[in-house]
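Encoded as structure tokens, the structure appears first; notes follow it.
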Ligand SMILES: [Zn+2]
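In my numbering, the protein residues as written are -15 to 96.
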């Protein structure tokens, strides 16, 4: 519980800190890459503590955090964080088995 409270405080501070610059091109601090579970396409959305996150284009909770496979050149939905920490193989690409990372070419941002 103590950790959750600390996390919440941190998130609040981060949100405050970024509140002024809405057209900052280096928005990686407030946004991240997701994969929409309905369309299986990679999109950029605001960071969210709750997943699936809301896709602003559809209003549905269908966005899962994504990991990039440089071998396939594709973003794939990431397994839950607990699974990533527990099972190292969870970071492997479901298609080719290569290690995936959170870094990759960013897709288009979602237009609400
Ligand atoms: Zn792959």
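Glycine residues also receive a C-beta, built at the ideal position from the N, C-alpha and C atoms.
Which of the three DSSP states, helix, strand or coil, is assigned to residue 62? coil
Neighbourhood of residue 22 by C-beta distance below 6 Å, restricted to the same chain and skipping five residues each side: 46
Can you tell which of 82, 44, 75 has the C-alpha that lies nearest to the C-alpha of residue 56? 82
To the nearest angstrom, how far is the alpha carbon of residue 14 from that of residue 31? 6 Å
When you compare only the Cα positions, how much space is there between residue 72 and residue 66? 11 Å
Considering Cα atoms alone, identify which of 77, 96, 39 is closest to residue 52. 77
Closest to residue 86 by CA distance: which of 92, 54, 25 is it? 54
Collapsed DSSP secondary structure at residue 49 in the structure displayed: strand
Span separating the alpha-carbon of residue 95 from that of residue 33: 20 Å
Where does residue 86 sit, in a helix, a strand or coil, going by DSSP? coil
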